[in-house]
Amino acid sequence: MKFRDWIKTITFYEILLGMKETIKHLVHYKPITLQYPHEKKPLAENYRGMLALLRYDDGTEKCVGCDLCEAACPSRVIRVISTEVPGEPTKRYAKEYYMDMTRCLFCGLCVQACPVDALGMTREYEWAVYDKRKLHLNKEQLLAIGDRAFPVREKQLEFQHPNVAYFNVSFKDIPEKAN
Amino acid sequence: MFETSLRLALTLTQIGVVMGIVLLTVAILTLLERKVLAWMQDRMGPMEVGPYGILQPVADGLKLFFKEDIIPAGANKLLFSLAPILSLVPALIGFAVIPFGPNISVEFFGVEFKPFVISDINIGILYILAFASIGAYGVILAGWSSNSKYSLLGGLRAAAQLISYELNVALSIVGVLLLAGTLSMVKIVEAQGGNWFFGIIPNWFAFALPFPQFVAFVVFYLASVAETNRLPFDLPEAESELVAGFFTEYSGMRFAFFFLAEYANMILVSCVAAVLFFGGWQAPWPFLQFHGSLEHLAWLSGIFWFTIKVYFFLFMFFWIRATLPRLRYDQLMRFGWKVLLPIALGNVVVTSIMAYIFPNS
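Note that the protein sequences, when read in sequence, are chains A and B.
Okay, so the first sequence: first residue is 1 according to my numbering, each after it adds one.
Okay, so the second sequence: first residue is 1 according to my numbering, each after it adds one.
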């Protein structure tokens with residue numbers, strides 16, 4: 001046994017085995033590379049991509065400015081300024097709606113929190129930009145993303161979480177204790 | 001006067017052609033290395049520039065050419081700019097004695113010259129070894145003059161490694177010199193013509209009687225891999241430990257010079273291995289000399305076989321690189337001094353005994 005080991009050492013037996021393995025991969029060449037910009041991976045059905053604001057079929061915005069998405073967001077991406085709809089004191093809407101996508105971690109909590117289903121996650125993901133400020137999106141931009149990603153809004157009920165709103169109150173507006 | 005200037009012009013043309021071929025081979029090698037490595041690792045390698053990425057060397061060259069040339073603050077300016085040249089020139093100058101094709105003389109307006117070897121000097125192999133040692137200065141000076149700790153560590157490693165392994169390179173070819181009885185590269189190749197053992201085995205020094213030098217060839221090849229700083233012996237430029245080793249601080253054309261020197265050294269080592277151990281331009285069997293009865297085309301098959309052998313050894317560089325991880329520093333030193341050196345010395349002893357007993361076989 002000792003002698004066989006010695007023979008193996010001086011003939012570089014293990015190294016030759018390794019070289020056989022590498023040449024095998026060269027001869028049976030099957031690359032696993034995906035040529036990314038030319039070929040793309042198929043996305044999952046419930047892929048969580050770029051966020052978008054949605055409209056009803058008649059073109060009116062779904063968002064009622066309730067701020068629940070802002071409360072649910074763990075990264076404080078969303079900023080909502082809501083007001084009454086002019087002339088209709090019982091209805092509210094988001095006058096301004098900002099999303100700072102540089103901070104978004106695509107968890108989807110805002111979509112689950114929305115009681116009127118006004119937020120959606122599209123399947124877009126190539127959002128690299130040269131200027132970081134371009135990722136600070138306003139309401140018009142978010143609506144435009146929604147219009148091009150969901151031309152016909154269809155609810156995918158099988159992927160919808162039961163409509164549970166997540167309230168994240170741990171940031172600043174915690175009421176002071178009485179004593 | 002006319003004869004002298006014509007001889008000068010012919011020699012300069014030869015040098016230009018050989019340099020052009022070597023630099024073209026370097027360009028091919030940079031692509032081939034990335035491709036071969038990628039194929040062995042189930043990747044694709046460069047695919048974007050040109051069809052299947054074949055124009056990648058052009059893109060790389062342009063990029064390096066137009067890059068900013070930075071000399072770091074605190075660097076020794078003279079030595080910093082001298083070091084790349086000191087490592088590139090010895091790598092290219094060795095090709096002067098490599099015979100690329102058959103040893104034929106051509107007469108051109110009364111001037112005789114050998115088209116396939118620039119200068120057939122009678123100490124050819126010694127000349128290559130001497131210039132290879134000067135190449136080590138380039139690496140060490142680059143490491144020292146950069147004023148950077150990574151460069152300095154790389155240069156120090158290079159100093160120790162190059163000296164230890166040059167010894168093995170020189171000792172492993174002593175057997176060949178004993179059998180050939182000459183130092184001239186052309187005469188060494190000419191001594192390897194023909195076949196033995198009923199014409200089956202080519203009479204190359206790696207397989208020839210009285211004592212096959214195959215073990216010496218393995219020692220020579222491993223020591224050469226170490227001397228050209230290639231994986232698995234690339235400690236002077238170990239990128240996971242020393243950023244890029246001795247050329248960490250270099251950029252642009254100076255970096256390109258080091259790159260060229262490394263690849264030119266690889267080609268030179270492959271040429272020397274082909275010439276000393278595998279019969280240079282000699283075909284393995286006479287029927288594989290495809291020029292047939294056209295004797296004036298013998299140089300075509302000679303150059304073909306030489307190219308095949310050189311490219312095989314270059315492929316071996318990539319193959320070894322794809323297989324083996326880098327050695328630790330003490331392993332490298334132990335392998336050089338305790339394994340390769342005794343084998344090379346033993347080979348010298350056995351070869352001299354055999355050459356003494358069977359002087360004419």
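We treat Cβ as the ideally placed atom computed from N, Cα and C, and that holds for glycine.
- A straight-line Cα-Cα distance of about 12 Å links Ile201 of chain B and Phe278 of chain B.
- About 7 Å separates the beta carbon of Val117 of chain B from that of Ile98 of chain B, a gap short enough to meet the 8 Å contact definition.
- Looking at the DSSP output, Phe100 of chain B shares a beta bridge with no other residue.
- Across the set A:Leu68, A:Thr83, A:Thr22 and A:His38, the C-alpha of A:Leu68 shows the shortest separation from the C-alpha of Cys110 of chain A.
- With contacts defined as CB atoms closer than 9 Å, Phe259 of chain B and Leu64 of chain B qualify as a contacting pair.
- Neighbourhood of Lys30 of chain A in chain B, by CB distance below 8 Å: Asp42, in chain order.
- In terms of CA proximity to Lys62 of chain A, A:Gly120 leads the group A:Tyr125, A:Tyr130, A:Gln35 and A:Gly120.
- Within 7 Å of the CB of Thr33 of chain A, the CB atoms of chain B belong to Arg43 and Met44, in sequence order along the chain.
- For the region 306 to 329 of chain B, the residues whose beta carbon sits under 8 Å from a beta carbon of chain A are, in order, Trp319, Ile320, Ala322, Thr323 and Leu324.
- Ranked by Cα distance from Phe131 of chain B, the options B:Met47, B:Leu171, B:Pro90 and B:Trp319 are led by B:Pro90.
- When secondary structure is reduced to three states using DSSP, Asn195 of chain B falls in the strand class.
- Ile118 of chain B: not part of any alpha helix (DSSP H); DSSP gives it neither H nor E.
- Here DSSP, grouped into helix, strand and coil, assigns Glu14 of chain A to helix.
- As DSSP reads the structure, Pro202 of chain B sits in a beta bridge with B:Asn195.
- The Cβ neighbour count for Ile163 of chain B, taken over all protein chains shown within 10 Å, is under 16; the residue is labelled exposed.
- Judged by their CB atoms, Leu37 of chain B and Phe313 of chain B are not nearer to each other than the 9 Å cut-off.
- With respect to chain B, the C-beta atom of Glu39 of chain A has no partner C-beta closer than 9 Å.
- In the three-state DSSP reduction, Ser82 of chain A falls in the strand class (E or B).
- If you look at Pro89 of chain A, you'll find it in the beta strand (DSSP E) that goes Glu88 to Asp100.
- Inclusion of Thr351 of chain B and Gln192 of chain B in the CB contact set at 9 Å is not warranted, their separation being larger than that value.
- By the Cβ-count criterion, Gly110 of chain B is exposed, with fewer than 16 other Cβ atoms from all chains shown falling within 10 Å of its own Cβ.
- The C-beta of Ile81 of chain A comes no closer than 9 Å to any C-beta of chain B.
- With respect to the C-alpha of Glu190 of chain B, the residue from B:Leu177, B:Phe198 and B:Gly199 having the closest C-alpha is B:Leu177.
- Ranked by how close their Cα comes to the Cα of Met354 of chain B, the residues B:Pro210, B:Met185, B:Leu231 and B:Pro342 have B:Pro210 in first place.
- Neighbours of Met47 of chain B in chain A, taken as residues at a C-beta separation under 7 Å, are given in chain order as Gln35.
- Judged by pairs of C-beta atoms under 8 Å, the region 82 to 90 of chain A does not touch the region 115 to 129 of chain A, as fewer than three such pairs exist.
- Here the C-alpha atom of Pro284 of chain B lies approximately 27 Å from the C-alpha atom of Tyr263 of chain B.
- Of A:Arg79, A:Thr102 and A:Tyr98, the smallest CA-CA separation from Asp131 of chain A is found for A:Thr102.
- Residue range Leu119 to Met121 is occupied by the beta strand (DSSP E) that includes Met121 of chain A.
- Chain A places no beta carbon closer than 9 Å to that of Ala208 of chain B, leaving this residue out of the contacts.
- The region 69 to 78 of chain A makes no contact with the region 6 to 22 of chain A, as fewer than three CB pairs between them are under 8 Å.
- Closest option to Ala244 of chain B, judged by alpha-carbon separation, among B:Gly154, B:Leu55 and B:Gln14: B:Gly154.
- For the region 14 to 27 of chain A, residues whose beta-carbon sits nearer than 8 Å to a beta-carbon of chain B comprise Ile15, Gly18, Met19, Glu21, Thr22, Ile23, His25 and Leu26.
- Within the same chain, Glu61, Lys62, Leu143, Gly146, Asp147 and Arg153 come within 8 Å of Arg55 of chain A by CB-CB distance, once the 5 residues on both sides are set aside.
- For Ala158 of chain B, the uninterrupted alpha helix (DSSP H) run begins and ends at Lys149 to Ser172, by DSSP.
- Val36 of chain B belongs to the set of residues whose beta carbon lies under 9 Å from a beta carbon in chain A.
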